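The block underneath contains the structure these notes are about, expressed in structure tokens.
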Amino acid sequence: MLSHAWIIPLLPLLAMVLIMFVTHRNRTISSALSIAAVGIGFVYSWIIAVDIWTFPAVHRFSIEWLNLGPSMNIPLGIQIDGLTAMMLIVVTTVSLMVQIYSLGYMHGDPRFSRFYAFLSLFTMAMTTLVLADNFFLMFVSWELVGLASYLLIGYYFEKQSAADAGKKAFITTRLGDLGFIVGLLMLYTACGTLAFDGVFGAVESGTLGGGYLAAAAVFLFMGAIGKSAQVPLHVWLPDAMEGPTPVSALIHAATMVVAGVYLVARSMTIFMAAESAAMLVAWIGIITSVMAAGIGLVQNDIKRVLAYSTVSQLGYMIMALGLGGFTAGTFHLMTHAFFKALLFLAAGSVIHAVHTNDIREMGGLFPKMKTTATTFFIAAFAIAGIFPLSGFWSKDEIVAATLGHPIFTALTLLVAFMTAFYMFRLCFLVFTGKPRDQHKFDHAHESPRSMTMPLVFLAVLSVISGWIGLPWLTHGFSSVVYHGHPHHAEFHLNLALIATSAGLAGIGLAYLMYYKRSLSPERIGAALPGVYRTLLNKYYVDEAYDVLFIRPYYAMCRGWFWFDQNIVDGLVNGTGAFALGWGRFQRWFDETFVDGAVNGIGRVTRGFGLVVRHVQTGQMQNYAFIIFAALVVMWLLR
Amino acid sequence: MHVEIGLSHYLALSAIVFCIGVFGMLTRRNGIGVLMSIELMFNAVNITLVAFARYVTPVEITGQVIAAFTIAVAAAEATVALAIVLLIYQHHRGIDVDRINIMKW
Numbered sequence: 207m208l209s210h211a212w213i214i215p216l217l218p219l220l221a222m223v224l225i226m227f228v229t230h231r232n233r234t235i236s237s238a239l240s241i242a243a244v245g246i247g248f249v250y251s252w253i254i255a256v257d258i259w260t261f262p263a264v265h266r267f268s269i270e271w272l273n274l275g276p277s278m279n280i281p282l283g284i285q286i287d288g289l290t291a292m293m294l295i296v297v298t299t300v301s302l303m304v305q306i307y308s309l310g311y312m313h314g315d316p317r318f319s320r321f322y323a324f325l326s327l328f329t330m331a332m333t334t335l336v337l338a339d340n341f342f343l344m345f346v347s348w349e350l351v352g353l354a355s356y357l358l359i360g361y362y363f364e365k366q367s368a369a370d371a372g373k374k375a376f377i378t379t380r381l382g383d384l385g386f387i388v389g390l391l392m393l394y395t396a397c398g399t400l401a402f403d404g405v406f407g408a409v410e411s412g413t414l415g416g417g418y419l420a421a422a423a424v425f426l427f428m429g430a431i432g433k434s435a436q437v438p439l440h441v442w443l444p445d446a447m448e449g450p451t452p453v454s455a456l457i458h459a460a461t462m463v464v465a466g467v468y469l470v471a472r473s474m475t476i477f478m479a480a481e482s483a484a485m486l487v488a489w490i491g492i493i494t495s496v497m498a499a500g501i502g503l504v505q506n507d508i509k510r511v512l513a514y515s516t517v518s519q520l521g522y523m524i525m526a527l528g529l530g531g532f533t534a535g536t537f538h539l540m541t542h543a544f545f546k547a548l549l550f551l552a553a554g555s556v557i558h559a560v561h562t563n564d565i566r567e568m569g570g571l572f573p574k575m576k577t578t579a580t581t582f583f584i585a586a587f588a589i590a591g592i593f594p595l596s597g598f599w600s601k602d603e604i605v606a607a608t609l610g611h612p613i614f615t616a617l618t619l620l621v622a623f624m625t626a627f628y629m630f631r632l633c634f635l636v637f638t639g640k641p642r643d644q645h646k647f648d649h650a651h652e653s654p655r656s657m658t659m660p661l662v663f664l665a666v667l668s669v670i671s672g673w674i675g676l677p678w679l680t681h682g683f684s685s686v687v688y689h690g691h692p693h694h695a696e697f698h699l700n701l702a703l704i705a706t707s708a709g710l711a712g713i714g715l716a717y718l719m720y721y722k723r724s725l726s727p728e729r730i731g732a733a734l735p736g737v738y739r740t741l742l743n744k745y746y747v748d749e750a751y752d753v754l755f756i757r758p759y760y761a762m763c764r765g766w767f768w769f770d771q772n773i774v775d776g777l778v779n780g781t782g783a784f785a786l787g788w789g790r791f792q793r794w795f796d797e798t799f800v801d802g803a804v805n806g807i808g809r810v811t812r813g814f815g816l817v818v819r820h821v822q823t824g825q826m827q828n829y830a831f832i833i834f835a836a837l838v839v840m841w842l843l844r
Numbered sequence: 004m005h006v007e008i009g010l011s012h013y014l015a016l017s018a019i020v021f022c023i024g025v026f027g028m029l030t031r032r033n034g035i036g037v038l039m040s041i042e043l044m045f046n047a048v049n050i051t052l053v054a055f056a057r058y059v060t061p062v063e064i065t066g067q068v069i070a071a072f073t074i075a076v077a078a079a080e081a082t083v084a085l086a087i088v089l090l091i092y093q094h095h096r097g098i099d100v101d102r103i104n105i106m107k108w
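From first to last, the protein sequence lines stand for chains A and B.
The number in this note's numbering is simply the position in the first sequence, starting from 1, with 206 added.
The number in this note's numbering is simply the position in the second sequence, starting from 1, with 3 added.
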């Protein structure tokens, strides 16, 4: 059964091809094809998951693909273990929910079929990524996923900001991919193969180690930094919100951005063998987490808040992995995917209703959009880590992973506090209180069933998905998705209490500031103007990049342009001018000497003739004389 | 001194006459004068022929026969030449051979 898992990526690929070439004009069939493809994948993923759950094992199937020589054999293979099964569930579930949601959200869009084609492309690439059994195939699908992201971010390409955002995403992640490639090359050089079992075997046997391994690990991680929007390559993700909201939910919350986390998780053997690299990973994770959470506190665009929240939560996962918490990081990946996707889709529902992203124009929407609001609140409680929702269990595991590193623990709890705060700031500002824009409020209405059903489904998952990781289960998440060996999750009551209180404190502060209005956000902002402005402007990172990299780059480009216009073209034109002059010289030479010679021969002959013709006088006696003279000469000479 | 008139004297005479004929042919301006010189050349050749026939082979009269032929041929040739000169006179109104040069370039 598992050996046919390759149809999970194949079906969306077929759907995409069919939509692109055959069913383009028919929206219904296009969307139906796409949803059917991912739906079958969804069912299959659950079958695989149940299989792996009951019999945890690693399955590998591969066929030969690229044979570039005796030692350069790149197979096309899939690997299915606990991690793969979990990722497949996440990817196909969220993809299916997003595709169903898009029926309502993208209704009436002129490029409806194309949207579904791109979604299918993405689904194909992402499932291939998690199924791959070697780094090469993973990298290829990694790039394809980036392509799909670019296409979808720039979906409304008539808008300059959207087109720019697509480019920004692609270029920024490409920078990370540069490191990724270097890492791959290092691995290949040392191990002679890019298959997971080959590489990890080399690490475990000690063939690959020391500084070389650490360097390779850091380079690989650079790819993750780009793709998962960690500092310093986090700048593309907030801009990516220019894309349609279903895209934000699918790609920039639940699936593509976790590709970096997946990479680190999959390569856990490498990172655990290179201590320094792992610490780097952990530090980047927590720094990203804190920075992004800070920005999220003050943003006024609902999608931006969620975007920064995603960056922050990804930082959590990366940090956990860096500290060795494989199960913690991957568990949070799963629960986060569900409630973050839900948050985005619900936000999309709100945006659809009030036609604005700005929360300053919203307010009091609860009675108008009960389903959306309820599911949003559920997700908010989940992300804040409130018992017994999924977020509680995964966040607890993450905090547990930081044990032994007090700085990390403290910062993690700080982020938990900030996360709860900004999420509930959103909740209260959007759904409670008095509407700030009456006109928009009057037009608001609940979204159609195609949009609210996925919300409900994801809300259910946000509640229960954590329960497979319950510490009291004998056969729980950590027995299936693990690194090294299966283990039991532990429950630290004191940690759980501290984390929950951090979350409740955040909720409480948000309640006071935005619901009861006992504390004024404006006053706090006015008291710390520098802090407020820095956070609002995202620590001016984009501006710094502009000055440090973009402007010098453009200057250099202008320099090269000048070089090309003046020197290169000057050379080329100069060569042309020189050839022209040489041609003229040759023409003069030809006319003067060659033609002169030829004409000269003619003239000489003519002149000679003019002279010699006088011999022919026509006078008979002259001729007779010559005859006699010749006779005499001949007689004399004889 | 009594010198026998021998072959050499006749040959010398013939040569002198021939040369006079050549000279005349080459230098006479008058067309008839040229023809007369040509006749002289013919006669000189005749003298040579007969002289050789008389002194070298007195028995055979080959030379004299050829001389007779020559005289006949000379006569025919003179006729034709005179006809040509007549036509030239009709055309050019004069028989100055220096003026007849239309066969030049």
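Quick reminder that beta carbons are idealized off the backbone N, C-alpha and C, glycines included.
The structure presented is a predicted model; accordingly, all values stated were derived computationally and were not measured.
query = Can you tell me the Cα-Cα spacing of serine 656 of chain A and alanine 708 of chain A, whole angstroms?
reply = 36 Å
inquiry  = Strictly below 9 Å CB to CB, what residues from chain B border methionine 824 of chain A?
reply    = The sequence given here places glycine at residue 824 of chain A; methionine does not occur at that position. Per Cβ cutoff of 9 Å: Ile103, Asn104, Ile105, Met106, Lys107, Trp108.
request  = Report the residue from A:His558, A:Leu216, A:Gln644, A:Ser434 whose alpha carbon sits nearest the alpha carbon of alanine 498 of chain A.
outcome  = A:Ser434
query = Span of the alpha helix (DSSP H) holding glutamate 181 of chain A?
reply = In this structure chain A extends from 207 to 844, so residue 181 of chain A is not present and cannot be described.
key: Residue burial classification, arginine 472 of chain A (beta-carbon count within 10 angstroms, cutoff 16)   = buried
message = Between phenylalanine 814 of chain A and chain B, is the shortest Cβ-Cβ distance under 9 Å, so that the two count as touching?
response = no
inquiry  = Does any residue of chain A have a CB that is nearer than 9 Å to the CB of leucine 29 of chain B?
reply    = yes
key: Strand pairing of leucine 282 of chain A, partner residues [DSSP]   = A:Ile269
inquiry  = Taking 8 Å as the limit between beta carbons, can you name the residues of its chain near isoleucine 269 of chain A, skipping five residues before and five after?
reply    = Pro281, Leu282, Gly283
message = Just to confirm the assignment, what range does the alpha helix (DSSP H) spanning isoleucine 593 of chain A have?
response = A quick correction: the sequence has phenylalanine, not isoleucine, at residue 593 of chain A. Run containing phenylalanine 593 of chain A: none; DSSP gives neither H nor E here.
query = In chain order, what residues of the same chain lie with their CB nearer than 7 Å to the CB of glycine 352 of chain A, ignoring the 5 residues before and after it?
reply = Phe376, Thr379
key: chain B contact residues for alanine 830 of chain A, given Cβ-Cβ distances below 7 Å   = Met28, Leu29
request  = Could you pull out every residue in the same chain whose Cβ sits closer than 8 Å to the Cβ of glutamate 63 of chain B, ignoring the five residues on either side in sequence?
outcome  = Ala56
task = Give me the Cα-Cα distance between leucine 548 of chain A and valine 405 of chain A, rounded to the nearest whole angstrom.
result = 37 Å
key: Other residues of its chain near valine 464 of chain A: CB distance less than 6 Å, five sequence neighbours each side excluded   = Leu539
query = Cβ atoms of isoleucine 241 of chain A and arginine 320 of chain A: under 9 Å apart, would you say?
reply = no
message = With distance defined between alpha-carbon atoms, name the residue in B:Leu29, B:Glu7, B:Ala84, B:Ala18 nearest to asparagine 828 of chain A.
response = B:Leu29
query = Shortest alpha-carbon distance to leucine 337 of chain A belongs to which of A:Lys365, A:Gly714, A:Leu294, A:Cys633?
reply = A:Leu294
query = Under 9 Å between C-beta atoms, does valine 76 of chain B make it to chain A?
reply = no
ask   = Between valine 6 of chain B and chain A, is there a C-beta pair that is closer than 9 Å?
value = no
request  = Using alpha carbons as the reference points, say which of A:Ala459, A:Ala750, A:Val753, A:Met826 lies closest to isoleucine 105 of chain B.
outcome  = A:Met826
query = Where do the ends of the alpha helix (DSSP H) carrying methionine 39 of chain B lie?
reply = 34-59
Alpha helix (DSSP H) segments (min. 4 residues) lying fully within the region 764-825 of chain A = 775-795, 801-818
Three-state secondary structure assigned by DSSP to asparagine 828 of chain A = helix
key: Per DSSP, the bridge partner or partners of alanine 338 of chain A   = A:Ile284
query = How many angstroms separate the CA atom of alanine 15 of chain B from the CA atom of threonine 60 of chain B?
reply = 19 Å
request  = Could you work out which residues of chain A lie near valine 25 of chain B, taking near to mean beta carbons separated by less than 7 Å?
outcome  = Phe834
inquiry  = When you compare the CB of arginine 819 of chain A with every CB in chain B, is at least one pair closer than 9 Å?
reply    = yes
query = For valine 20 of chain B and chain A, any beta-carbon pair shorter than 9 Å?
reply = no
inquiry  = Check for me: the alpha helix (DSSP H) holding methionine 575 of chain A runs from which residue to which?
reply    = Here methionine 575 of chain A belongs to no alpha helix (DSSP H), and DSSP marks it neither H nor E.
Spatial neighbours of leucine 419 of chain A in its chain, beta-carbon cut-off 7 Å, leaving aside the 5 residues before and after = Val409, Ile476, Ala479, Ala480
key: From B:Ile98, B:Tyr58, B:Met44, residue whose alpha carbon lies closest to that of isoleucine 74 of chain B   = B:Met44
ask   = From histidine 693 of chain A to tyrosine 468 of chain A, what distance separates their C-alpha atoms?
value = 20 Å
query = At a CB-CB cut-off below 7 Å, which residues of chain A make contact with valine 100 of chain B?
reply = Gln825, Met826, Gln827
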